[in-house]
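With the numbering used here applied, the sequence shown corresponds to residues 805 to 1158, in that order.
Working notes for the structure below.
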Amino acid sequence: MFAIGGYAQTSGKLNVGDPAPAISYSKWLKGKQFDSFDPAKIYVMEFWATWCSPCKAAMPHLTVLQKQYEGKITFVGVNVWEKIPKGQSYETVVPAVEKFVRGNDANMGYSVIVDDKDQGMGNKWLRAAGQNGIPASFIVKENHIIWVGHPGQLDSIIPQVLNGSYDMKVFKEKSDKAAQKAREESEAMMAMFNPIQEALTAKDHKKAFELMDKLVAEKPDFKISMSLLKFKTLLTDVDEKQAIAFAIEFQKEYKTAPSLFLGEVYKTDNLSKDTYAWVADNFGSTTEVSNPLILDALATCYAKAGQYAKAVDNQAKALAIAEKALKDGEMVGTVMDYTVEEYKKKLAEYKNKM
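If you want it as structure tokens, here you go:
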């Protein structure tokens, strides 16, 4: 599995067989630092993000591979595509990424860097190679890109690279076609999304909503993403009551929508208490919920609504599940030491305010 990133302008084209682009980073978080590839060595550049569940799922095995091929291959985790405040550089995400890496240190037994301030790694590597999703791995040998794909395929590819049986020409034929198709799809997506973004930036919400509806009519697969964008825009830029009215209608068709609305609202500040209470109550029963992140989000909303008894109830459940997951080595990359500590602090705070 992989997660899809936002669409953006690429910086040229990068195909299998091409010279590897330069390495650029805002901070080298762990491992032996280098600024250029040694032609005598082999590298695996693994692109990931903290929000990407498939990326986090791949980390333990990448650690195993780094140990297995110690001295033969250097693995580098390249953090990309984190959400950044509008108008700010990518360097602003360094503290959060650094915190994640520290908390997940045992599962990231390889070098880790954070993309540079202008997102050069994301653009000149991923986008240029037609990679619109992560995780994505690039194998570099003799300063050239010899393979691009999902990290799950590395087990079969690396032995071929090391024993000389890997046929780059055969792979390149398929890879170049796939990369070109992906680049064309990215450009097509930009052509559809850019007018919407321009209208939103100009605060022309009527036009933005019309463009969203037009896109959904032409591309029904985008209904959920465009509906969430419309909900978020109504919520923060237009009117909270209109946002809730829209949400009520939308979830009649999509039964999983309450969790999507919860995901948008709990991380948004300065909304009314009624809105926070509505989205939490709207989620429904938590009897079958085993994800501490959901329970934490519900607790956050209830706390912002001033309903501290409900906040305590959900936070306590989140803490219990998180502690068990940490003890059992489950939810790797999602529940870490600091997650449990943060939940404890929140629970104490909510109890104090009850």
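Backbone N, C-alpha and C fix where the C-beta goes; we use that ideal spot for every residue, glycine too.
Since this is a predicted model, take the numbers as computed values, not measurements.
query                                                                                                                                                                               : result
Might you give, ordered along the chain, the residues of its own chain that have their beta carbon closer than 8 Å to the beta carbon of V1069, omitting 5 neighbours on each side? : L1039, L1075, T1079, Y1080, V1083, C1105
Throw me the rounded Cβ distance for the I1163 and V848 pair, which I believe falls under 8 Å.                                                                                      : The shown model of the chain, from 805 to 1158, leaves out residue 1163, and the question about it has no answer.
Would D919 and M925 be called neighbours here (beta carbons separated by less than 8 Å)?                                                                                            : yes
Taking 8 Å as the threshold (C-beta atoms), are M1140 and N908 in contact?                                                                                                          : yes
So the candidates are L958, K831, G875, A1113; which of them puts its Cα closest to the Cα of P899?                                                                                 : K831
Could you check whether F1065 and F1035 sit closer than 8 Å to each other, using their CB atoms as the reference points?                                                            : yes
State the Cα-Cα distance for the pair E874 and A824, rounded to the nearest angstrom.                                                                                               : 22 Å
On the CB-based measure, 16 or more other CB atoms within 10 Å of its CB, does P963 come out buried or exposed?                                                                     : exposed
Rounded to the nearest angstrom, what separates A940 and E850 at their Cα positions?                                                                                                : 6 Å
From what residue to what residue does the beta strand (DSSP E) around D833 run?                                                                                                    : According to the sequence shown, residue 833 is Leu rather than Asp. Looking at the DSSP string, the run of the beta strand (DSSP E) that includes L833 is 831-834.
Tell whether a beta-carbon distance below 8 Å holds between A1122 and A1103.                                                                                                        : yes
In this structure, how does DSSP classify K1045 when only helix, strand and coil are distinguished?                                                                                 : helix
Consult DSSP for A1126 and reduce its assignment to one of helix, strand or coil.                                                                                                   : helix
Would you mind stating whether Q984 and G934 have Cβ atoms separated by less than 8 Å?                                                                                              : yes
Report the start-end ranges of each alpha helix (DSSP H) in the stretch 880-952 that is 4 residues or longer and not cut off at the edges.                                          : 898-907
Taking D1041 as the reference, give the member of K1007, N1086, A1049, K978 with the closest Cα.                                                                                    : K1007
Under 8 Å by Cβ, that's how I've got K978 and V965 pegged, so tell me the actual separation to the nearest angstrom.                                                                : K978 to V965, Cβ: 17 Å. No contact.
Tell me, to the nearest whole angstrom, how far the beta carbon of S915 is from that of V880; I am working on the premise that it is less than 8 Å.                                 : 5 Å
Have a look at T1013 and G956 and give me their C-alpha separation to the nearest angstrom.                                                                                         : Sequence check: residue 1013 is Phe here, not Thr. Using only the alpha carbons, I get a separation of about 39 Å.
Is the distance from the Cβ of V1136 to the Cβ of P858 below 8 Å?                                                                                                                   : no
Looking at the unbroken alpha helix (DSSP H) that takes in V974, where does it start and where does it end?                                                                         : 972-1005
Can you look up Y1142 in the DSSP assignment and give me helix, strand or coil?                                                                                                     : helix
Answer with buried or exposed for S893, where buried requires no fewer than 16 other C-beta atoms within 10 angstroms of its C-beta.                                                : exposed
Quick test of your reading: E895 and K921, contact by CB under 8 Å. State the CB separation rounded to the nearest angstrom.                                                        : 5 Å
What's the gap between the Cα of Y970 and the Cα of A1126?                                                                                                                          : 43 Å
Out of curiosity, what's the CA-to-CA distance linking A1109 and T878?                                                                                                              : 49 Å
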